[in-house]
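Enquirer: Numbering (our numbering), first residue to last: 135 to 484.
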Amino acid sequence: MLDGSQTKPLLRVLAGERLTDPPVWLMRQAGRYLPEYRSIRQKADSFLSLCFNPELAAEVTLQPVRRFGFDAAILFSDILVVPHALGQRVTFEDGEGPRLDALADPAALQRLKREIDHEALAPVYETIARLKNKLPPAVTLIGFCGAPWTVATYMIAGGGAAEQIPARLFAYRHPQAFAALIALLVEASTDYLARQFEAGVEAVQIFDSWAGVLPADEFRKWCIEPIARIVGALRHRVPGAKVIGFPRGAGTELPCYLAAVAVDAVGLDWTIELSFARERIQALRPVQGNLDPLALLAGGQALDRAVDAILEAFSGGPFIFNLGHGVLPDTPVAHVERLIERVRNRSGSR
Ligand code: 1CP
Numbered sequence: 135m136l137d138g139s140q141t142k143p144l145l146r147v148l149a150g151e152r153l154t155d156p157p158v159w160l161m162r163q164a165g166r167y168l169p170e171y172r173s174i175r176q177k178a179d180s181f182l183s184l185c186f187n188p189e190l191a192a193e194v195t196l197q198p199v200r201r202f203g204f205d206a207a208i209l210f211s212d213i214l215v216v217p218h219a220l221g222q223r224v225t226f227e228d229g230e231g232p233r234l235d236a237l238a239d240p241a242a243l244q245r246l247k248r249e250i251d252h253e254a255l256a257p258v259y260e261t262i263a264r265l266k267n268k269l270p271p272a273v274t275l276i277g278f279c280g281a282p283w284t285v286a287t288y289m290i291a292g293g294g295a296a297e298q299i300p301a302r303l304f305a306y307r308h309p310q311a312f313a314a315l316i317a318l319l320v321e322a323s324t325d326y327l328a329r330q331f332e333a334g335v336e337a338v339q340i341f342d343s344w345a346g347v348l349p350a351d352e353f354r355k356w357c358i359e360p361i362a363r364i365v366g367a368l369r370h371r372v373p374g375a376k377v378i379g380f381p382r383g384a385g386t387e388l389p390c391y392l393a394a395v396a397v398d399a400v401g402l403d404w405t406i407e408l409s410f411a412r413e414r415i416q417a418l419r420p421v422q423g424n425l426d427p428l429a430l431l432a433g434g435q436a437l438d439r440a441v442d443a444i445l446e447a448f449s450g451g452p453f454i455f456n457l458g459h460g461v462l463p464d465t466p467v468a469h470v471e472r473l474i475e476r477v478r479n480r481s482g483s484r
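1. Just the Cα atoms here: how many angstroms apart are TYR306 and ALA313?
2. Between which residues of its own chain and ALA149 is the CB-CB distance below 6 Å, once the five residues before and five after are set aside?
3. Mind checking whether LEU368 and LEU315 have CB atoms under 7 Å apart?
4. Can you check DSSP and say which residues form a bridge with GLN339?
5. Identify, in the order they occur along the chain, each residue of the same chain with its Cβ nearer than 7 Å to the Cβ of ALA394, setting aside the five sequence neighbours on each side.
6. Just tell me which of TYR259, GLU260, ALA322 has its CA closest to the CA of PRO282.
7. Counting only runs that start and end within the region 412 to 484, where is the alpha helix (DSSP H) found for 4 or more residues in a row?
8. In terms of residue numbering, what span does the alpha helix (DSSP H) encompassing PHE181 cover?
9. For the alpha helix (DSSP H) that THR386 lies in, which residues bound it at each end?
10. On the three-pair Cβ rule with 8 Å, is the region 248 to 267 touching the region 226 to 239?
11. At the level of alpha carbons, what is the spacing between THR284 and PHE341?
12. Answer yes or no: do VAL158 and ASP228 have a C-beta to C-beta separation smaller than 7 Å?
13. Pick out whichever of GLY385, GLY165, VAL400, ALA417 has its Cα sitting closest to the Cα of GLY423.
14. Which first and last residues belong to the alpha helix (DSSP H) in which ARG354 is found?
15. From ILE415 to PRO232, what distance separates their C-alpha atoms?
16. Report yes if the C-beta of ALA301 is less than 6 Å from at least one heavy atom of the ligand 1CP; otherwise report no.
17. Would you kindly check if the distance between the Cβ of ALA192 and the Cβ of ARG264 is under 7 Å?
18. Which whole-angstrom value describes the C-beta separation of CYS390 and ARG354, a residue pair presumed to lie in contact below a C-beta threshold of 8 Å?
19. If LEU430 sits next to LEU408, beta carbons under 8 Å apart, how far is it from one beta carbon to the other, in whole angstroms?
20. From the DSSP output, in three-state form, read off MET135 for me.
21. If you measure from the CB of ASP212, is any heavy atom of the ligand 1CP nearer than 6 Å?
22. Mapping the DSSP letters down to three states, classify ALA238 as helix, strand or coil.
23. Consider the C-beta atom of SER343 and the heavy atoms of the ligand 1CP; say whether any pair is separated by less than 6 Å.
24. Under three-state DSSP, which class holds PRO232?
25. I'd like the span of the beta strand (DSSP E) that includes THR225, first residue to last.
26. Got a sec, what are the start and stop residues for the alpha helix (DSSP H) VAL400 sits in?
27. Exposed or buried, HIS459, counting other C-beta atoms within 10 Å across all chains shown (16 or more means buried)?
28. Does the ligand 1CP have even one heavy atom less than 6 Å from the beta-carbon of PHE204?
29. Please report the straight-line C-alpha distance between SER180 and ALA286, rounded to a whole angstrom.
30. Quick check: what's the CA-CA separation for ASP251 versus ARG245?
31. Hey, quick one: how far does the beta strand (DSSP E) through ALA207 stretch, first residue to last?
32. Leaving out the 5 sequence neighbours to the left and right, which residues in its chain are closer than 6 Å to VAL377 when beta-carbon positions are compared?
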């Protein structure tokens, strides 16, 4: 399964190697900023039907790799296919983001299945199988899931919510029910990631997009502990499974996260100060990141300066160039081209 780990740049970095030319890919590299994505998106009735159409999902996964020559392809899907496979109603309204049948109180948890329905996710595994033979040999296929905390925020609020107030209140008011939901998501996510490896992904990323809204002790309880359980159980099922953690907003809690979670690399958001990241994080584990997506949207000298500062900070150790969060829909394609060119031209000269 891990064939190619000797040659694929991204897998070499995940194994702890420092490369003169860092591999580069971008979170949300497939999406509305690409005209070729928008034209495929029109062919599908809904966003979920695009995620569950293996032919189209494989195609949109490949689009950014073809256009920009990224070192990784990330499976085209969404973190909210897991609540869907647990029986919750999930839809995506155009321009408004996801809508779920909110879990308003502990009794609502009874509506969920006891375990993830792999039948519902079969198209995702088929997309992975199709991609395996279609990727250039140096490109790594990355699978993913949302971290239990981040997925729970959407399940409880029924969509995106400012500061994740509904989920935080639920966790304070009903800690036992909340722990049961997190435990269900730990099982479901482990199972889901193991199946992705069996279908052909070579690494996975665990997106904890809302880790940063929690107080430190809650962060340890609802983010660190569950993710540590997922990574431990996953490695039991898939020995050597490569995992990238992305606890967005974890800040000064990052060393604690790395002490407890055996991820192979950690994704850094753009707020992390670079010398702190080099000395306190990259010294422990390979890092991935951390360009501000707004610097990419802005382009010009702001982009160049930010790229150079990141290369300067991280080129001395194992490093994957990425954004500190996803590509924004209004990002000009020319700015992504400029970014790739700069990363490839500046890094080699060091
Ligand atoms: O119609 C459309 O085009 C919808 C836009 C869109 C896209 C392109 C959504 C809705 N999801 C995706 C794809 C997606 N989502 C990918 C695969 C593509 C790639 O990375 O290239 C991945 C990895 C995700 C992960 C995801 N979904 C996260 C974690 C990363 C992050 O951005 O923080 C989260 C929080 C979601 C939920 C979600 N799905 C879609 C939206 C608009 C949102 C955010 C909702 C919100 O909080 O407002």
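C-beta atoms are modelled at their ideal positions from N, C-alpha and C, and glycine is treated no differently. Owing to the predicted nature of the structure, the values given are computational and were not obtained by experimental measurement.
Expert: With the structure as the only source:
1. One-based indexing of the sequence shown puts residue 306 at position 172. One-based indexing of the sequence shown puts residue 313 at position 179. Their backbone Cα atoms lie some 11 Å apart in a straight line.
2. Locating residue 149 in the sequence shown gives position 15, counting from the first residue. Cβ within range, chain order: n/a, list empty.
3. What you label residue 368 is simply residue 234 of the sequence shown in a count that begins at 1. What you label residue 315 is simply residue 181 of the sequence shown in a count that begins at 1. Going by C-beta atoms, LEU368 is not nearer than 7 Å to LEU315.
4. By 1-based counting over the sequence shown, the position of residue 339 is 205. According to the DSSP secondary-structure assignment, GLN339 is paired through a beta bridge with PHE278, ILE378.
5. Reading the sequence shown from its first residue, position 260 is the one you call residue 394. Around ALA394: ILE358, ALA362.
6. Start at 1 with the first residue of the sequence shown, and residue 282 comes out as number 148. It is ALA322 whose Cα lies nearest to the Cα of PRO282.
7. 427 to 432, 434 to 448, 467 to 481
8. For the purposes of this step, residue 181 is identified with residue 47 of the sequence shown, where counting begins at 1. Going by DSSP, PHE181 is part of the alpha helix (DSSP H) stretching over 181 to 185.
9. Walking along the sequence shown from the start, residue 386 turns up at place 252. Neither: THR386 is in no alpha helix (DSSP H) and is coded neither H nor E.
10. no
11. Taking the sequence shown and counting its residues from 1, one reaches residue 284 at position 150. Taking the sequence shown and counting its residues from 1, one reaches residue 341 at position 207. About 8 Å.
12. The sequence position of residue 158 within the sequence shown is 24, counting from 1. The sequence position of residue 228 within the sequence shown is 94, counting from 1. The answer is no: Cβ separation not under 7 Å.
13. To locate residue 423, count along the sequence shown from 1; it is residue 289. If you compare the alpha carbons of GLY385, GLY165, VAL400, ALA417 with that of GLY423, the shortest gap goes to VAL400.
14. What you label residue 354 is simply residue 220 of the sequence shown in a count that begins at 1. Where ARG354 is concerned, there is no enclosing alpha helix (DSSP H), given that its DSSP letter is neither H nor E.
15. Residue numbering aside, residue 415 sits at position 281 when the sequence shown is read from its first letter. Residue numbering aside, residue 232 sits at position 98 when the sequence shown is read from its first letter. One C-alpha to the other measures close to 33 Å.
16. Stepping through the sequence shown from its first residue, residue 301 is reached at position 167. It does not: the Cβ of ALA301 is nowhere closer than 6 Å to a heavy atom of the ligand 1CP.
17. Indexing the sequence shown from 1 puts residue 264 at position 130. Indexing the sequence shown from 1 puts residue 192 at position 58. Cβ atoms of ARG264 and ALA192: closer than 7 Å.
18. To locate residue 390, count along the sequence shown from 1; it is residue 256. To locate residue 354, count along the sequence shown from 1; it is residue 220. Confirmed, about 7 Å.
19. Working through the sequence shown from its first residue, we reach residue 430 at position 296. Working through the sequence shown from its first residue, we reach residue 408 at position 274. That belief does not hold up - the Cβ atoms of LEU430 and LEU408 are roughly 17 Å apart, past 8 Å.
20. Here residue 135 refers to the residue found at position 1 when the sequence shown is read from its first residue. Residue placement at MET135 cannot be trusted, given a pLDDT of 48 that sits under 50; what the coordinates show is reported in the next sentence. Judged by DSSP in its simplified three-state form, MET135 adopts coil rather than helix or strand.
21. As a first step, residue 212 is located in the sequence shown; it is residue number 78 there, counting from the start. Under cutoff, so the answer is yes.
22. Stepping through the sequence shown from its first residue, residue 238 is reached at position 104. In the structure shown, ALA238 sits in coil (DSSP, three-state: anything other than H, G, I, E or B).
23. Here the question's residue 343 lines up with position 209 in the sequence shown. SER343 Cβ: within cutoff of the ligand 1CP.
24. As a working mapping, residue 232 is identified with position 98 in the sequence shown. Note: PRO232 maps to strand in three-state DSSP.
25. Here residue 225 is taken as the residue at index 91 of the sequence shown, counted from 1. Element bounds for THR225: 224 to 227.
26. Walking along the sequence shown from the start, residue 400 turns up at place 266. Where VAL400 is concerned, there is no enclosing alpha helix (DSSP H), although the beta strand (DSSP E) it sits in stretches over 399 to 401.
27. Counting from one through the sequence shown, the residue named residue 459 turns up at place 325. Burial state of HIS459 is buried, judged by a 10 Å Cβ sphere holding 16 or more other Cβ atoms.
28. Taking the sequence shown and counting its residues from 1, the one referred to as residue 204 is at position 70. No, since every heavy atom of the ligand 1CP falls outside the 6 Å radius drawn around the Cβ of PHE204.
29. Counting from 1 along the sequence shown, the entry for residue 180 is found at position 46. Counting from 1 along the sequence shown, the entry for residue 286 is found at position 152. The straight-line gap from Cα to Cα measures roughly 23 Å.
30. If you number the sequence shown from 1, residue 251 lands on position 117. If you number the sequence shown from 1, residue 245 lands on position 111. Cα to Cα, the separation comes out at about 14 Å.
31. Here the question's residue 207 lines up with position 73 in the sequence shown. First-last of the beta strand (DSSP E) with ALA207: 206 to 208.
32. Against the sequence shown, residue 377 aligns to sequence position 243. VAL338, VAL365, VAL397, ASP398.
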